[in-house]
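Since the structure comes first, as structure tokens, the remarks are kept for the end.
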Amino acid sequence: MLMREPIDVMSPEFRADPSPFYARLRSEPIQQVEPGGLWAISRHEDVQYVLKNPKLFSSTFLQQIMRPEWLAGVGNPLSESILTMDPPHHTRMRALVSLAFTHKTIARLEASIRQVAGELAEDVRRQQEVDFVQAFALPLPAFVIAELLGFPPELRSKLKQWSDDIISITASVPEPPERIAYLRSSLAELQSFLREVITDRRARPREDMMSELLVAEVEGRRLTDSELVAFGTVLLVGGLETTVYLLGHTVRRMAQAPKVLARVRAEPALIPSRVEEVLRLDSPFQITLRLTTQEVELGGVKLPAYAPVAVMMGSANRDERQFEQADELVLERRSPQLLSFGHGVHFCLGAPLARMEAHLALEELFARCEGFVLSQEALKWNHSLGIRGPVELPLHAIPARRGADAGARSS
Ligand code: HEM
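Residues in the sequence shown are numbered consecutively from 171, following this note's numbering.
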């Protein structure tokens, strides 16, 4: 029998279009992939099972990967964050941060997000030839994260660099050696800015999330400064890149399907369904990692103890056992049970915020642009194991005829 090469989830082919690889993985649902012989979990049912069982599939091993020796003395706040905790530690932390990450926090941002989205959409309409990532998809979430963290506007342009730097940290030693000094100083700088915000809000509380996090209390316990820095770092890394890619994927798909775009522009009530389907088909967070805590049997296969597991939400979202016409964008789809925001105890805290950003972004873009023509060859994908999206999206925006677009909101 011919042995097939294991799938490499970092290969350029996989990055460009993972769906045929996922289909192959789901046909033999528990198998090892490259890099590192990760155990791939690809079916909807199995992905849900893994994410629902932190006792068997732990997040804590990420702590060591994210805190390599060459960062000694500086540390990586992400490695001590909510993302890398298991219950009961995670349960306590989640209860505390949830007190500040409420519906009210998000609703407070709505008017300013709409205003910034409107200004950016106006620039896209005026310039017509833009890299959509630089012109819109990055500045909007950067504005939101800066607002949440309480950073002044001049620091917004630094957020992406900090986020990229943290994401680039792995157990291996970075090359060239000068990069070690650079990453150490970048992480120290981010932590020092976050500590400045904490000190300021402690002295002068405002109506913002950091001020609320400072007084959040569960069973007589409050967050320490280090925990606040760690949570601020998760918001930056978890909330920026993912939302940039959600906006990029949405506009890329609109450019590819002008008829669907025309329908959604005429009927803005369809915008939320459209966003859900893009989240399902092009989940910005494709793969998360876990480690088995003991030998576990899944799908008839025995996974050894301490095996690294690649939990493929991107594949689960296209599982034909779960979704009819799984590879098609179906606006009428009901209760899609997408796993793009994870499942279980670590379910994304920012999901309502990301959805609101996307809805407002589309409303403002549709009011000003009638369509988008993509320059397909120039599209560039990012390079990461878990997160997938376009880093450059050059396009031509077709301005909307003023007054002719009854359906789209005009502000
Ligand atoms: C389209 C955008 C987004 C996607 C696809 C996404 C996806 C995810 C996923 C899959 C997880 C779970 C990871 C795991 O189980 O290992 C997660 C966790 C998290 N996300 Fe998001 N996210 C998005 C936007 C945001 C935003 C805007 C914020 C906040 C500003 C945010 C904050 C968080 C936090 C704090 C967690 C950790 C929750 C916990 O560990 O209990 N996310 N996100």
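Beta carbons are placed, not taken as given, at the ideal position from N, Cα and C, and that holds for glycine.
| task | Could you please give me the residues that DSSP links to residue 392 through a beta bridge? | result | Beta-bridge analysis with DSSP links residue 392 to 387.
| task | Assess, as a yes-or-no matter, whether the region 197-206 is touched by the region 435-444 under the definition of 3 or more beta carbon pairs within less than 8 Å. | result | Contact between the region 435-444 and the region 197-206 is absent, because fewer than three Cβ pairs lie under 8 Å.
| said: Between residue 455 and the ligand HEM, is there a pair consisting of the residue's CB and a ligand heavy atom that are separated by less than 7 Å? | reply: Within the cutoff, so yes.
| residue 230 (DSSP reduced to helix, strand or coil) | Three-state result, residue 230: coil.
| task | Please classify residue 413: is it buried, with 16 or more other beta-carbons within 10 angstroms of its beta-carbon, or exposed? | result | Around the beta carbon of residue 413, a 10 Å sphere encloses 16 or more other beta carbons of the protein chains shown; the residue is thus reported as buried.
| task | Please work out which residues of its chain come closer than 7 Å, Cβ to Cβ, to residue 276, disregarding the five sequence neighbours upstream and downstream, and give them in chain order. | result | Here the set comprises 522, 523 and 526.
| What are the boundary residues of the alpha helix (DSSP H) that includes residue 325? | Careful: residue 325 lies outside any alpha helix (DSSP H) and carries neither H nor E.
| message | Measuring only from the beta carbon, is residue 408 closer than 7 Å to any heavy atom that is part of the ligand FMN? | response | Absence of the ligand FMN from the depicted structure is noted, with the ligand HEM being the only ligands included.
| Segment contact, 8 Å Cβ cut-off, at least three pairs: the region 484-499 with the region 450-459 | Judged by Cβ distances under 8 Å, the region 484-499 makes contact with the region 450-459, as three or more pairs qualify.
| query | What's the call for residue 513, buried or exposed, on a 16-neighbour Cβ count within 10 Å? | reply | It counts as buried.
| query | With a Cβ-Cβ cutoff of 8 Å, do residue 295 and residue 491 count as a contact? | reply | No. Outside cutoff.
| task | Measure the C-alpha to C-alpha separation of residue 563 and residue 310 and round it to an integer number of angstroms. | result | Answer to the nearest angstrom: the Cα atoms are 15 Å apart.
| query | Starting from residue 445 and walking both ways along the alpha helix (DSSP H), at which residues does that stretch end? | reply | Note, residue 445: alpha helix (DSSP H), 441-451.
| the ligand HEM heavy atoms versus the CB of residue 519: any closer than 7 Å? | It does: the Cβ of residue 519 is within 7 Å (strictly closer) of some heavy atom of the ligand HEM.
| With a Cβ-Cβ cutoff of 8 Å, do residue 381 and residue 371 count as a contact? | Cβ atoms of residue 381 and residue 371: closer than 8 Å.
| Nearest candidate by alpha-carbon position, reference residue 314, set 330, 302 and 384 | Minimum Cα distance to residue 314 is reached at 330.
| message | Taking only three categories from DSSP, how would you classify residue 275? | response | Helix.
| request: Flag this pair as touching only if the region 288-302 and the region 529-549 have three or more C-beta atom pairs under 8 Å; answer yes or no. | output: Counting Cβ pairs under 8 Å, three or more are found: they touch.
| request: Return yes when the C-beta of residue 264 is under 7 Å from any heavy atom of the ligand HEM, and no when it is not. | output: Residue 264 Cβ: within cutoff of the ligand HEM.
| request: Pull up the DSSP beta-bridge partners for residue 202, would you. | output: Answer is 209, bridged to residue 202.
| field | For residue 398 and residue 410, believed in contact at Cβ under 8 Å, the rounded distance | value | Their Cβ separation, rounded to whole angstroms, is 18 Å, which puts residue 410 and residue 398 out of contact at 8 Å.
| Distance, residue 385 Cα to residue 236 Cα | Those two C-alpha atoms are separated by around 29 Å.
| task | Could you tell me if residue 304 is buried or exposed, where buried requires 16 or more neighbouring beta carbons within 10 angstroms of its beta carbon? | result | Residue 304 should be labelled exposed.
| request: Put residue 562 into one of helix, strand or coil per three-state DSSP. | output: In the structure shown, residue 562 sits in a strand (DSSP, three-state: E or B).
| said: If I follow the unbroken alpha helix (DSSP H) through residue 261, where does it start and stop? | reply: DSSP places residue 261 in the uninterrupted alpha helix (DSSP H) bounded by 259-268.
| query | Any heavy atom of the ligand HEM closer than 7 Å to the Cβ of residue 483? | reply | It does: the Cβ of residue 483 is within 7 Å (strictly closer) of some heavy atom of the ligand HEM.
| By DSSP, does residue 574 sit in helix, in strand, or in coil? | Legend: pLDDT at residue 574 = 46, less than 50; position of this residue unreliable, value from coordinates given subsequently. In this structure, DSSP gives residue 574 a state outside helix and strand, which the three-state scheme calls coil.
| query | Using a threshold of 7 Å, is the CB atom of residue 516 nearer than that to any non-hydrogen atom of the ligand HEM? | reply | At least one heavy atom of the ligand HEM is nearer than 7 Å to the Cβ of residue 516, so yes.
| Status (buried if at least 16 other CB within 10 Å, exposed otherwise) for residue 560 | That one is buried.
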